[in-house]
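Read the structure below first, then the notes.
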Amino acid sequence: MEGRRRSGGWWMALLMLGGWAWAQEPASLRQVQGEMERILAAGGKVPGWRLKEGPRFFVGDKIFDYMDGAGEIPKACGFRMLGVAEFVQAQGLGVTVELYDMGTDANAFGLYSMRREPSHTFVASFTHPASQSQGQIIFWKGRYTVILFTEETKRLKKEEFLQLALALEQSIPSPGAYPDLLRYLPQQGYVPHSAKFFHGKFALDTVWFQKENLLQVGPQTDVVFAQYRSPTLRLLLVRYPDPQTAVRVFAAGQKRFGLGKSAAPSPPFVAAVGKQPDKLGPFLGMVAWRNFLGLLWGAASASEVETALKRLAQSLQKPVPAWRRELD
Numbered sequence: 045m046e047g048r049r050r051s052g053g054w055w056m057a058l059l060m061l062g063g064w065a066w067a068q069e070p071a072s073l074r075q076v077q078g079e080m081e082r083i084l085a086a087g088g089k090v091p092g093w094r095l096k097e098g099p100r101f102f103v104g105d106k107i108f109d110y111m112d113g114a115g116e117i118p119k120a121c122g123f124r125m126l127g128v129a130e131f132v133q134a135q136g137l138g139v140t141v142e143l144y145d146m147g148t149d150a151n152a153f154g155l156y157s158m159r160r161e162p163s164h165t166f167v168a169s170f171t172h173p174a175s176q177s178q179g180q181i182i183f184w185k186g187r188y189t190v191i192l193f194t195e196e197t198k199r200l201k202k203e204e205f206l207q208l209a210l211a212l213e214q215s216i217p218s219p220g221a222y223p224d225l226l227r228y229l230p231q232q233g234y235v236p237h238s239a240k241f242f243h244g245k246f247a248l249d250t251v252w253f254q255k256e257n258l259l260q261v262g263p264q265t266d267v268v269f270a271q272y273r274s275p276t277l278r279l280l281l282v283r284y285p286d287p288q289t290a291v292r293v294f295a296a297g298q299k300r301f302g303l304g305k306s307a308a309p310s311p312p313f314v315a316a317v318g319k320q321p322d323k324l325g326p327f328l329g330m331v332a333w334r335n336f337l338g339l340l341w342g343a344a345s346a347s348e349v350e351t352a353l354k355r356l357a358q359s360l361q362k363p364v365p366a367w368r369r370e371l372d
């Protein structure tokens with residue numbers, strides 16, 4: 045397991061060198077680290093498992109000492125601190141645990157969502173469905189995202205892997221709430237487990253790459269990506285701090301893609317539709333309303349985009365009371 049991540053030093057050195065916002069609040073940092081140590085200690089209490097190494101802690105840009113460029117995704121989701129520990133069974137089978145304090149429930153879901161795919165297996169026995177793929181379990185609870193991975197995919201029993209993950213999950217007291225922005229997604233045709241929540245452009249580039257930051261996403265913007273079928277579409281929904289930014293980005297996008305105005309949906313929404321080469325389908329649409337901006341692409345026809353824009357407008361005006369667990 046040494047090849048996947050790189051280790052770092054003690055938390056105080058990181059605090060002094062990381063340039064992090066908490067550099068003036070070591071007591072707060074110690075409190076957060078202490079809570080993470082308590083959660084990780086639960087893994088060593090599972091029958092058949094013991095702590096082999098760690099935990100080690102990383103804050104701010106020091107996350108790159110551990111995972112190089114891959115640290116951009118946690119940062120784009122609002123990461124505060126990472127704790128890493130390695131657990132081992134008597135026969136030497138090892139599991140690495142990454143515990144991320146994301147600061148908020150929404151950001152914890154966000155990092156989880158960036159790491160899971162609809163094609164994964166989902167385990168319902170967790171507070172929120174956990175994603176399970178080859179040698180990896182990912183879940184979120186409260187303000188924490190937890191990733192367990194192992195190279196012992198053939199020798200380690202799945203039930204023992206899950207037992208370790210469940211023990212860690214049960215040591216986190218707060219269940220956590222889904223990001224509020226998810227409530228505004230249209231649910232008709234939504235592909236379960238496809239929503240991804242984030243803030244920064246690095247995360248945006250993983251689902252919709254543009255050289256420039258056309259959507260002007262950053263720490264103060266909430267973004268959700270979702271997949272749809274019947275028709276096949278992709279949706280980006282952005283919530284800005286103010287309506288002026290949404291209008292400005294809409295105008296820039298309309299010009300950038302050469303979109304023509306659309307009457308669907310009708311005012312007070314502002315919408316535009318046009319063609320843009322894409323392997324899913326050539327038609328693209330945008331809509332702006334208040335401080336929201338929606339971008340849809342991959343449709344086979346202009347009418348498909350306009351239908352999807354109408355559905356998005358309806359869900360923006362009448363969001364569901366709460367995001368349903370089975371869609372996670």
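Numbering (the working numbering), first residue to last: 45 to 372.
Don't be surprised by glycine CBs; every beta carbon is placed ideally from N, CA and C.
Given the structure is predicted, the values throughout are model-derived calculations rather than measurements.
Check your understanding: Per DSSP, what kind of secondary structure is A134 in: helix, strand or coil?
Key -> coil
Review point. Would S306 pass as a contact of A290 if the rule is Cβ separation under 8 Å?
Key: no
Practice item. Could you have a look at F242 and say whether DSSP puts it in helix, strand or coil? Key: strand
Check your understanding: Cα separation between I83 and V293?
Key -> 42 Å
Check your understanding: Using the C-alpha atoms, what's the distance from D286 back to L356?
Key -> 19 Å
Check your understanding: Out of L360, E203, G115, V90, which has the shortest C-alpha to C-alpha gap to P309?
Key -> L360
**Study point:** V314 versus A352 - alpha carbon distance
**Key:** 14 Å
**Study point:** Residue environment, S345, which counts as buried when at least 16 other CB atoms sit within 10 Å
**Key:** exposed
Practice item. Give me the Cβ distance between G87 and A211, rounded to the nearest whole Å; I'm assuming they're in contact under 8 Å. Key: 6 Å
Review point. Among S163, S274, G325, which has the Cα closest to the Cα of D372?
Key: S163
Check your understanding: With distances taken from CA atoms, which of S215, S238, P217 is nearest L226?
Key -> S238
Exercise for review: Pull up the DSSP beta-bridge partners for I182, would you.
Suggested key: S175, I191
Practice item. Determine contact between the region 227 to 246 and the region 143 to 162, defined as no fewer than three beta-carbon pairs at a distance below 8 Å. Key: yes
Practice item. Report yes or no: do three or more beta-carbon pairs, one from the region 101 to 112 and one from the region 214 to 226, lie closer than 8 Å? Key: no
Check your understanding: Quick one: what does DSSP say P287 is sitting in, helix, strand or coil?
Key -> helix
**Study point:** Cβ neighbours of Q180 in the same chain (closer than 6 Å, five flanking residues each side left out)
**Key:** F193
Point to revise | Residue burial classification, M56 (beta-carbon count within 10 angstroms, cutoff 16) | key: Residue placement at M56 cannot be trusted, given a pLDDT of 39 that sits under 50; what the coordinates show is reported in the next sentence. M56 is exposed by the Cβ-count criterion.
Review point. Cα-Cα, which of L200, F253, Q264 is closest to L137?
Key: L200
Review point. Are the beta-carbon atoms of I182 and Y156 separated by less than 8 Å?
Key: yes
Review point. Cα-Cα, which of Q260, T165, G186, R368 is closest to S379?
Key: As shown, the chain starts at 45 and ends at 372. That puts residue 379 outside it, with no answer to give.
Exercise for review: For G318, collect the residues of the same chain with a Cβ closer than 7 Å to its Cβ; drop the 5 residues on either side in sequence, then sort them by chain order.
Suggested key: F301, G302, L303, G304, L328
Practice item. Decide yes or no for the touch test of the region 273 to 287 against the region 244 to 262: beta carbon pairs closer than 8 Å, at least 3 of them. Key: yes
Practice item. Out of P275, Q288, M330, point me to the one whose CA is closest to K299's CA. Key: M330
Exercise for review: List the DSSP bridge partners of S306.
Suggested key: A315
Practice item. Under the assumption that M125 contacts F101 (Cβ atoms under 8 Å), give the Cβ distance between them as a whole number of angstroms. Key: 6 Å
Check your understanding: In its own chain, which residues sit with a C-beta less than 6 Å from the C-beta of E196, not counting the 5 before and 5 after it?
Key -> L137
**Study point:** Residue of L143, V103, W93 minimising C-alpha distance to E81
**Key:** L143
Practice item. Starting from G384, follow the beta strand (DSSP E) in both directions and report where the run begins and ends. Key: Residue 384 lies beyond the stretch modelled for the chain, which goes from 45 to 372, so this question has no answer here.
Review point. According to the Cβ coordinates, are L229 and V268 closer than 8 Å?
Key: yes
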